[in-house]
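*Asks:*
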Amino acid sequence: MSKTSLRKATFYPSLTLLGGMTILALENSEFLLKITSTIHEFLMNEFSWLYALSAFALVLVAAGTMFSPIAKLRIGGESAKPILTRWQWCSITLCSSVAIGLLFFAAAEPIFFMSAPPLTLGAKAFSTESGVNGIASLYMHWSFTTYAIYTVPALMFAIAHYNLGMKFSISSAMTAALPIKMGPVTRQIIDALALIALVAGMVASLGTGAMMLGGGINRLFGVEVTDSLIGALCMIVMLASALSAATGLLKGIRILSSWNARALVFMAALVLIFGPTSFIANGGIDALGRYLSGFVKNSLNTGTINGNGWPRAWTLFFWANWFAWAPVTSMFLGKISRGYTVREFLLFNFLLPASFVLVWCATFGGLAVFTELNSAHILSQALKNSGPGDVIWVLLEQLPAALLFVALFLCLSLVSYITAADSTIDAISGMCCNSSTSSEINSSPYYIKLIWGAIISIITLVLTVNGGLEALKMISTIGGFIGLLIVMCAAASLVRIICWPTLLPELKGGAILPPLKTPSVRHNDI
0 MSKTSLRKAT
10 FYPSLTLLGG
20 MTILALENSE
30 FLLKITSTIH
40 EFLMNEFSWL
50 YALSAFALVL
60 VAAGTMFSPI
70 AKLRIGGESA
80 KPILTRWQWC
90 SITLCSSVAI
100 GLLFFAAAEP
110 IFFMSAPPLT
120 LGAKAFSTES
130 GVNGIASLYM
140 HWSFTTYAIY
150 TVPALMFAIA
160 HYNLGMKFSI
170 SSAMTAALPI
180 KMGPVTRQII
190 DALALIALVA
200 GMVASLGTGA
210 MMLGGGINRL
220 FGVEVTDSLI
230 GALCMIVMLA
240 SALSAATGLL
250 KGIRILSSWN
260 ARALVFMAAL
270 VLIFGPTSFI
280 ANGGIDALGR
290 YLSGFVKNSL
300 NTGTINGNGW
310 PRAWTLFFWA
320 NWFAWAPVTS
330 MFLGKISRGY
340 TVREFLLFNF
350 LLPASFVLVW
360 CATFGGLAVF
370 TELNSAHILS
380 QALKNSGPGD
390 VIWVLLEQLP
400 AALLFVALFL
410 CLSLVSYITA
420 ADSTIDAISG
430 MCCNSSTSSE
440 INSSPYYIKL
450 IWGAIISIIT
460 LVLTVNGGLE
470 ALKMISTIGG
480 FIGLLIVMCA
490 AASLVRIICW
500 PTLLPELKGG
510 AILPPLKTPS
520 VRHNDI
């Protein structure tokens, strides 16, 4: 039986700083937003090139690893048995990264581009051309680059944790193959920084998502969207997520993710059948061509030199968010991969989920463009009057059996957020605890998971009602710079292992470990 203990240098500083930021947001949210916005603008001005170059490099690393000498390496060693079946693994991977944001932005983002198309693309507003460009931008922001940002550090963490026996800490992925020495306290502080960035982003997303869900309830039941309703939704989502995480990987998380993955496929199929199928298919293929042909150009475009603010407002802002979520999310994705090969890891964490996102974006983005072109700009009016969260509900109301589609999408959105949040809470809780068994599936006790679920729900409830979510969004993107540094260290570790597959990283004392396939070796400096 394993024993667990609290990692005080991770738990208490993160809790204190999050609490302090919440109090400041309550007392003077405008002041906090001003500070965070200033820091965010500084980072974008000075390091736009680093965000762009890093995200692009991670796509190359993820793709290259598929054909590298370590592709056949089994995570955990040759005798390691998988924790999950392939379907369970695939569904959890998909649902832990596809949260409520994609469900709503797949319809709203093309309308942004149709309303105000980037000048550099030369498309007229509300034209078919601007609509197809909008779908291509969805592909850019939500598919392969996004999953590369998650996959590369997740793979390195999996190798470090299961093949090298290193601790359940993101610093393990950073130092596994690099000559970087970290003491226990330093490792815990790095985890605390990653945790703060993630929780800030999670709180902002939960608050925004609750308001979006409130719009669906309003349309379905005619209930007015009040602070009480938003608060209730926040509490329901986080309570369900915490309970799901507390039941463990093989119960709540596995069951909810499996159901949710099937529901996502079913919903996309329904829209394809009852929507403008030919337009969706043709628009999706046209957009795919533009996405692929312009991938390098758009990946490496910062817009800084020519004064084009669009990349910073969109692409680089997305990269900052993904980098903020990546360290903690990658720990969960690495944790559930034991028993599979590196090539299988890349298939289920990079290629398959990104390909599904392409289909989802083509389906809902194509339907949104078709509706905007043929229904007197009702979606752009919804965007202007009520914000991006209202676009999907107006869109679904144009389909046959509209109430049925709204009800299905409302349920899907709720479960999607719960399945994304429960895996995140599981990873956060694991970071706050030491376990005597390094590869234990449930690495933290129930009460830690329930505590974090309560903390996130309370902060969300308070800030949603008092208007402090925008500052938390900025804190998350600022945390994305820290996340970028963490992720790129992990990527450098992975590249070093790829280049020298017959050697393991050096230990603190300078000894060289046997080849990677030996699963019993453990680092002694942790």
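Read in order, the letters of the sequence shown are residues 0 to 525 in numbering that gives the first Met the number 0.
By construction, the Cβ of each residue, glycine as well, lies at the ideal position given by its N, Cα and C atoms.
1) Let me confirm a value: T15 is counted as buried when at least 16 other C-beta atoms fall within 10 Å, else exposed. Which label applies?
2) On the DSSP bridge list, what partners appear for N433?
3) For the alpha helix (DSSP H) containing I229, list its first residue and its last residue.
4) Taking just the CA atoms, how far does S475 sit from M181?
5) Can you find at least 3 beta carbon pairs, one from the stretch 151-166 and one from the stretch 383-396, that sit closer than 8 Å?
6) Would M473 and T207 be called neighbours here (beta carbons separated by less than 9 Å)?
7) I need the DSSP call for T21, collapsed to helix, strand or coil.
8) How is the alpha helix (DSSP H) around R186 delimited, first residue to last?
9) Pick from M43, L23, E77: whose alpha carbon is nearest that of T337?
10) Have a look at K334, I91, N320, I38 and flag the residue whose alpha-carbon is nearest the alpha-carbon of Y429.
11) Decide if the stretch 271-283 is in contact with the stretch 366-380; the criterion is three or more beta carbon pairs, one per stretch, under 8 Å apart.
12) On the premise that M266 lies in contact with L411, defined as a C-beta separation below 8 Å, what is that separation, rounded to the nearest angstrom?
13) Give the secondary structure of T9 by DSSP, where H, G and I count as helix, E and B as strand, and everything else as coil.
14) Give the straight-line distance between the Cα atoms of L378 and V270, rounded to the nearest whole angstrom.
15) Nearest by alpha-carbon distance to Y445: which of I427, Y339, A361 is it?
16) Tell me whether the beta-carbon of I454 lies closer than 9 Å to the beta-carbon of L17.
17) Apply the 10 Å Cβ neighbour rule to W48 and answer buried if 16 or more other Cβ atoms are within range, or exposed otherwise.
18) If you follow the alpha helix (DSSP H) that Y138 is in, where does it begin and where does it stop?
19) Taking buried to mean at least 16 other C-beta atoms within 10 Å of its own C-beta, is V486 buried or exposed?
20) Please list, in chain order, all residues of the same chain as D421 whose beta carbon is under 6 Å from its beta carbon, the five residues on each side excluded.
21) Tell me the rounded alpha-carbon separation between A413 and C498.
22) Look up R261 in the DSSP assignment and say whether it is helix, strand or coil.
23) Between A319 and G130, is the Cβ-Cβ spacing less than 9 Å?
24) Flag this pair as touching only if the stretch 342-357 and the stretch 127-144 have three or more C-beta atom pairs under 8 Å; answer yes or no.
25) Do the CB positions of C431 and L197 come within less than 9 Å of each other?
26) Suppose the cutoff is 8 Å on Cβ atoms and the five residues either side in sequence are ignored; what does the same chain contact list for S437 look like?
27) Could you check the C-alpha separation between K80 and A157 for me, to the nearest Å?
28) Buried or exposed: where does W321 fall if 16 or more other Cβ atoms within 10 Å of its Cβ makes it buried?
29) DSSP on R73, reduced to helix/strand/coil?
30) Given a cut-off of 9 Å on the beta-carbon distance, is the pair P352 and L93 in contact?
31) Identify which residue in I148, I496, N305, I179 has its Cα closest to the Cα of F349.
32) Assign E29 to one of three DSSP states: helix, strand, or coil.
33) Report the residue from S114, A56, N132, I216 whose alpha carbon sits nearest the alpha carbon of V405.
34) Which residue or residues does DSSP assign as beta-bridge partners of T526?
35) Specify, as a first and last residue, the run of the alpha helix (DSSP H) that I279 falls within.
36) Ordered along the chain, which non-local residues of its own chain (more than five positions away) have a Cβ less than 6 Å from that of A107?
*Replies:* Straight from the coordinates:
1) Exposed.
2) S4
3) 226-245
4) 25 Å
5) no
6) Judged by beta-carbon spacing, T207 lies beyond the 9 Å limit of M473, meaning their Cβ atoms are not closer than that value.
7) helix
8) 183-220
9) The amino acid at residue 337 is misidentified as Thr; the sequence shows Arg. Nearest option by C-alpha distance: E77.
10) This sequence places Gly at residue 429; Tyr is not what is there. Comparing Cα positions, the closest option is K334.
11) Yes, since at least three Cβ pairs between the stretch 271-283 and the stretch 366-380 fall closer than 8 Å, the two stretches touch.
12) 6 Å
13) T9 falls in the helix class under three-state DSSP.
14) 17 Å
15) I427
16) yes
17) exposed
18) 127-141
19) buried
20) S240, S243, A244, I252
21) A quick correction: the sequence has Leu, not Ala, at residue 413. Cα to Cα, L413 sits roughly 44 Å from C498.
22) helix
23) no
24) yes
25) no
26) Confidence at S437 is low in this model, with a pLDDT of 43, below 50, so its placement is unreliable and the value that follows should be read with caution. Within the same chain, S437 has close Cβ partners H160, G164, M165, K166, F167, R521.
27) 14 Å
28) buried
29) strand
30) yes
31) By alpha-carbon distance to F349, the top candidate from I148, I496, N305, I179 is I148.
32) helix
33) I216
34) In this structure the chain extends from 0 to 525, so residue 526 is not present and cannot be described.
35) 276-292
36) Excluding residues within five positions, the ones whose Cβ falls inside 6 Å are P387, V390.
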